[in-house]
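K.L.:
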Amino acid sequence: MTRRFVLASLATLALAGCDRPAAPGPASEAPAAAGRAASADAARLLDVVDGYYEGHLALNPLVATERGDHRYDDRYGDYASAIWMADSLAIEQEALERLATVDAARLAGEDLVTYEAFRRGRELRVEGYRYPSELLPIHPFDAAHTEFAVLASGRGAQPFRTLRDYENFLARMDGYVEWTEQVANNLRLGLAKGVVLPQLVVERTVEQLDALATDDPRASAYWQPILNFPAGLSVADRQRLITAYDDKLRNRVLPAQRRLRDYLQVEYLPQARDTIGWSELPNGPAWYAWLVRYHTSTSLTPDEVHELGLAEVARLRGQMEPLARELGHPGDLAGLFAALRADPAQSWAEPAEAVAAYRSLERRVDGALPLLFPKRPKAGLEVRAYEPFRAASMPGAGHAPPSDDGSRPGVLYVNTLGPASRPKYLVEATYLHEAVPGRHLRAALALEATGLPRYRRHDWDPAHVAGWALYAESLGRDLGLYTDAWSAFGALASELQRAVALAVDTGIHARGWTRAEAVEYYRANTPLPEADLAAAVDRHIALPAEALAYKVGQLRILELRRRAEQALGPRFDVRAFHAEVLDGGSLPLPVLEAKIGRWIESQG
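Counted from 1, the sequence shown has number 960 at position 255 by the numbering used here; the numbering is strictly sequential.
1) Answer yes or no: do H1145 and L1117 have a C-beta to C-beta separation smaller than 8 Å?
2) Quick check on the burial criterion: 16 or more other C-beta atoms within 10 angstroms. Buried or exposed for E1133?
3) Since A1250 and I1305 should fall inside the 8 Å C-beta cutoff, what is the C-beta to C-beta distance between them, to a whole number of angstroms?
4) Kindly indicate which residue of S1108, A848, Y999 and T1135 has the alpha-carbon position closest to the one of L1294.
5) I need the DSSP call for D1291, collapsed to helix, strand or coil.
6) Do you know offhand how far Y1136's Cα is from A897's?
7) For chain C, find out if any of its Cβ atoms is closer than 8 Å to the Cβ of Y1226; answer yes or no.
8) Examine the ligand SAM and report whether any of its heavy atoms sits within less than 7 Å of the Cβ of V958.
9) A1190 to H1214, Cα distance in whole Å?
10) Around the Cβ of Q1024, are there at least 16 other Cβ atoms within 10 angstroms (buried) or fewer (exposed)?
11) Since R877 is in the alpha helix (DSSP H), which residue starts that stretch and which ends it?
12) Rounded to the nearest angstrom, what separates S1291 and L841 at their Cα positions?
13) Specify the secondary structure class of H1104 as computed by DSSP and reduced to three states.
14) Using the three-state DSSP reduction, which class does V1012 fall into: helix, strand or coil?
15) Do L1005 and V1170 have their C-beta atoms closer together than 8 Å?
16) Quick one: what's V1119 bridged to in DSSP?
17) Per DSSP, which one or two residues make a beta bridge with R1030?
18) Does DSSP put R1216 in a helix, a strand or coil?
19) Pair every Cβ in the stretch 1214-1230 with every Cβ in the stretch 810-828, then say whether three or more of these pairs are closer than 8 Å.
20) Run the CB neighbour count on N873, radius 10 Å, all protein chains shown included, and call it buried at 16 or more, exposed below.
21) Give me, in chain order, the residues of the same chain whose beta-carbon lies closer than 7 Å to that of F853; leave out the 5 immediate sequence neighbours on both sides.
22) I think Q650 touches S1098, with their Cβ atoms under 8 Å apart; what is that distance to the nearest whole Å?
23) When you compare only the Cα positions, how much space is there between E839 and A769?
24) Going by DSSP in three states, S939 sits in which element: helix, strand or coil?
25) Alpha carbon to alpha carbon, how far is A735 from D816?
26) From G1274 to I1301, what does the alpha carbon distance come to, in whole angstroms?
27) Quick one: residues in its chain with C-beta nearer than 6 Å to the C-beta of S925, no 5 flanking neighbours on either side, listed in chain order?
28) Of the residues F1042, L751 and R893, which one's Cα is nearest the Cα of S1232?
29) Say whether the stretch 821-830 touches the stretch 940-957, bearing in mind that this needs 3 or more beta-carbon pairs closer than 8 Å, one atom from each stretch.
Have a look at this one:
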């Protein structure tokens, strides 16, 4: 898609909302005219936001599929190409230009929230295009190549229910092949400009591509839909698809992955940098500062985040010490952490045990949910193990949201790779974080808010989303969990890990910490299993500032709750507060703060 086509499409979508209201008539007509003007600005705002949303999906077909919009299921998207980058920047700039025609002073309620969130998001994205992220287009964490394998396996968002679905994915595979070629081209350009990935990021990515590699298409993850044909396909169609998939995988997809893997291993890795911090890149300090603002939706600097992390680590260690005494390690957190890493009683014997433990919590939490929330999510939740080809680079658990069309439930993924390293004491806190009332409840309720623009229902502000998930962990006692010392310890251990992340991420990318220093800081301040220490640090290295969203967002939500409790006293209703935080979708923290402030005033 060309930049001209994108802008022309947006202009067409805009036509209905571009007429300005007529000048007001006599004084007796002024209130009605003012109402019409306000209504016109609200309508114009919706046109701007919907036009942007349509343009965004057209440029990001994988996002559309994930959201249950199947208009683009046959396209991969030319992510990272120069044309795609130009088109993506163009729709951000175009949206801001059109937004300038909306008079924010005439907006109120959810329209004002939409305006504030949309403007802030577009301005931040435009600023981000100053930095050449397209020259670092691949990494091993939640990576494009592993996510594509999930789509191809039939276990993700890509539908395989009809003949057309199968044909769509055949076409999408061609786009994926083109993406692998674009990745190599961008990496070569990055080498020429000094924008280069760290060696360990490249090594982990090669390991993932090796896990996906095979010379036999029928032994690959991509073959699973062929093994699970829907009942309605004719014998002739099945045979044709078997032939077509075998040919496409054997001669296009698998060779393309192999070429990318070989390029990374043979040509790129010897030139990859041995440093790990973003500050080592050209314009790196400014780039990292922008990433901090993006992921926290605040104006915090890296130094301020670092100091916040150190303070939170000290505070949480102080809270953990009494529990350490109760668990038999008085005044010796280091001893407790070391003992836990070596204690098989705290780990799972079999992968199935870990999955079953998470499933068992659903009924317990669901029964108590009305105490804290006025609504339950309608979308279902499945519990699955991560696929083997991506488990090594994934955290202990994760969540995939449900689709907007209701065809796909949310998924709580559990990492069962090396179950002995997945602590039992973290299960309750992790379930609250990833499932209910954390990520799944938030995402499902946002999708159900059909009165909001699609942009609001689907937008993903990192600090609100991650901050809410961490805040949800604090609700365990009210939901009937954390009833023993071990689960209470797990809740503190989980929060402590997020506090450590503030110090480690900024330490690596703004203060020159080495990988060994970062691993040791995690080891000294968390009970993370030994096998997970390096993976946690390597995720910081590959995805700078991503981990800052959790603690910054959680602290802001806790502060907003305290503010509401103090202002409203006995009139404070925690159910109403939670509804106010969640019902508007995912919002930048300053916009959420203003929204909660208006809500507090309305309760008086």
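Note that the Cβ used here is the ideal one computed from N, Cα and C, for glycine as well.
P.N.:
Taking the geometry as given:
1) For the pair H1145 and L1117, the CB atoms are nearer than the 8 Å cut-off.
2) Its Cβ being crowded by 16 or more others within 10 Å, E1133 is buried.
3) The Cβ separation is near 31 Å, so there is no contact.
4) Y999
5) Note that residue 1291 is Ser in the sequence shown here, rather than Asp. The answer is coil: DSSP assigns S1291 none of H, G, I, E or B.
6) Between Y1136 and A897, the alpha-carbon positions lie close to 45 Å from each other.
7) Looking for chain C here will not work: only one protein chain is present.
8) For the structure depicted, the ligand SAM is absent and the ligand set is empty, with no information on it obtainable.
9) 36 Å
10) exposed
11) L868 to K898
12) Cα to Cα, the separation comes out at about 27 Å.
13) Secondary structure of H1104 (DSSP, three-state): strand.
14) According to the sequence provided, residue 1012 is Glu. The question's Val does not apply to it. Here E1012 sits in helix by DSSP.
15) Using a Cβ distance threshold of 8 Å, L1005 and V1170 do not count as a contacting pair.
16) A1090 and A1102
17) Beta-bridge pairing links R1030 to no other residue.
18) Assigned with DSSP and collapsed to three states, R1216 falls in coil, not helix or strand.
19) no
20) buried
21) Y881
22) It is not possible to answer for residue 650, since the shown part of the chain is limited to 706 through 1309.
23) 21 Å
24) DSSP places S939 in coil when its eight states are reduced to three.
25) With a pLDDT of 46 at A735, under the threshold of 50, the modelled position of this residue cannot be trusted, and the question is left open.
26) 15 Å
27) T919
28) Here the sequence assigns Pro to residue 1232, which means Ser is not the residue at that position. The residue with the shortest Cα to Cα distance from P1232 is F1042.
29) no
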